[in-house]
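Accompanying notes for the structure given below.
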Ligand SMILES: Cc1ncc(C[n+]2csc(CCOP(=O)(O)OP(=O)(O)O)c2C)c(N)n1
Ligand code: SF4
Ligand SMILES: [Mg+2]
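Residue numbers (the working numbering): 225 to 533.
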């Protein structure tokens, strides 16, 4: 076989190369900015194009994989975490990005989210939280605030909403951050931090549904008179100012920050190192393989069947 002496230069990962389709979101939807930030992060980091996978569940936000030219799929409503977990565990060479909404993640998929988090599956999950079910045209979601009038709560929502940050930390996510779709640089920083984290990393993005909950996040947008207040993380520099800064490994401190009234704070609430299921499982597989010696997969399977006879 003729092997070329010099491999052809890799094509750069550009926005053009990453764009798959024209997004079908309503004009002004916050999700456009999330997509733009993701393109920019991939362009900046130049991950090998063939190693990127973009997955989602169902919802307006979950249309994301249609618009990104990478490996991708969207799956049954609420079942995006199990799909992404399978991809992550079986293909350690891939960067697994998962996108979805507050309904997909915290409602129908809430239980799957908990288990993906506790297992610390290596993936990056961007939850585009618009406080409503957008695709199905305005039902109350698990993050809708009390009093929000929707088709399912015509007199105003009465149920206590989920606090995404507290839920994620309690479930076992090892990286938990929050950002706002109008803050593109901050959104990019959070996405990059999340993708560099070895474990179940989640970024909640407040992404406005201009159709069914316009103005929902103005309180966090300085251009609309709101306050975008960033968490100051500890620098461990032994200065008096550092005393007041946030230790991202301190779970109780993270809950305290997450309890602040809306619009709350933005940035990294929590980040710890804990072995991923990926690393634990691959170790276990390697040990089992070593025990099986030179047997092929089929021979191992046949031996198991023989034992069951
Ligand atoms: C099993 C199942 N139940 C319900 C639906 C209907 N459904 C589709 S998307 C959706 C909610 C989506 O809300 P969210 O995840 O917040 O996404 P958004 O559209 O707001 O981005 C629902 C209830 C469905 N497709 N499948
Ligand atoms: S319905 Fe809302 S969430 Fe869906 S595309 Fe339109 S603005 Fe975006
Ligand atoms: Mg939603």
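Note that the Cβ used here is the ideal one computed from N, Cα and C, for glycine as well.
How many whole angstroms separate the CB atoms of residue 486 and residue 410, which I take to be in contact at a CB cut-off of 8 Å? Contact doesn't hold; Cβ gap of about 18 Å is too wide.
Contact set for residue 369: own chain, Cβ-Cβ below 8 Å, skip 5 residues either direction: 355, 381, 385, 486
Find the nearest neighbour of residue 277 within the set 262, 388, 253, judged by alpha-carbon distance. 262
Could you tell me the distance, in whole angstroms, from the CA atom of residue 458 to the CA atom of residue 379? 44 Å
Taking only runs of the beta strand (DSSP E) that begin and end inside the stretch 315-382, which ones reach a length of at least 3 residues, in chain order? 319-325, 347-353
For residue 293 and residue 287, the rounded distance between their alpha carbons: Their Cα atoms are separated by approximately 13 Å.
Mind checking residue 344: buried by the 16 CB within 10 Å criterion, or exposed? buried
How about residue 508: is its Cβ closer than 7 Å to a heavy atom in ligand 2? no
Between which two residues does the alpha helix (DSSP H) harbouring residue 267 extend? Bounds of the alpha helix (DSSP H) holding residue 267 are 255-269.
Given 8 Å, three or more beta-carbon pairs between the stretch 392-407 and the stretch 253-271: Using a C-beta cut-off of 8 Å, the stretch 392-407 makes contact with the stretch 253-271, since at least three inter-stretch Cβ pairs fall below that distance.
Below 7 Å, is the gap between the Cβ of residue 387 and the nearest heavy atom of ligand 1? no
Among 259, 399, 328, nearest to residue 367 - alpha-carbon criterion: 328
Where residue 288 sits in the DSSP three-state scheme: Helix at residue 288.
Based on Cα-Cα distance, which residue from 437, 399, 230 lies nearest to residue 374? Per the Cα distances, 437.
Taking C-beta to C-beta, are residue 273 and residue 308 nearer than 8 Å? no
Length-filtered (3 minimum) beta strand (DSSP E) runs lying within the stretch 465-512: 489-495
First through last residue of the beta strand (DSSP E) which encompasses residue 428: Run containing residue 428: 424-430, per the beta strand (DSSP E) assignment.
CA-CA distance, residue 467 and residue 456? 11 Å
Are the beta-carbon atoms belonging to residue 280 and residue 324 less than 8 Å from one another? A contact, by the Cβ cut-off of 8 Å.
Measuring only the C-alpha atoms, how far is residue 533 from residue 527? 10 Å
Where do the N-terminal and C-terminal ends of the alpha helix (DSSP H) with residue 417 fall, by residue? Here the alpha helix (DSSP H) through residue 417 covers 408-420.
With hydrogens ignored, establish whether the beta-carbon of residue 305 is closer than 7 Å to any heavy atom of ligand 1. no
My guess is that residue 351 and residue 479 are in contact by the Cβ rule of under 8 Å, so how many angstroms apart are they, rounded? A Cβ-Cβ distance of about 18 Å is found for the pair residue 351 and residue 479, leaving them out of contact under the 8 Å criterion.
Compute the beta-carbon to beta-carbon distance between residue 492 and residue 417, rounded to the nearest angstrom, for a pair I have assumed lies under 8 Å. Going by Cβ atoms, the distance from residue 492 to residue 417 rounds to 6 Å, so yes, they are a contact pair.
How long is the line joining the alpha carbons of residue 245 and residue 359, rounded to whole angstroms? 18 Å
Identify which residue in 422, 431, 451 has its Cα closest to the Cα of residue 341. Comparing Cα-Cα distances from residue 341 to each of 422, 431, 451, the minimum goes to 422.
Residues that residue 276 bridges to, as DSSP identifies them: 319
Going by beta carbon distance, what residues of the same chain come within less than 8 Å of residue 412, once the five residues before and after it are set aside? 261, 264, 265, 268
Residues in the same chain with beta-carbon distance under 8 Å from residue 477, minus the five sequence neighbours each way, listed in chain order, please. 470, 471
Would residue 401 and residue 434 qualify as a contact pair, given that the criterion is a beta-carbon distance under 8 Å? No, these two residues do not count as a Cβ contact at 8 Å.
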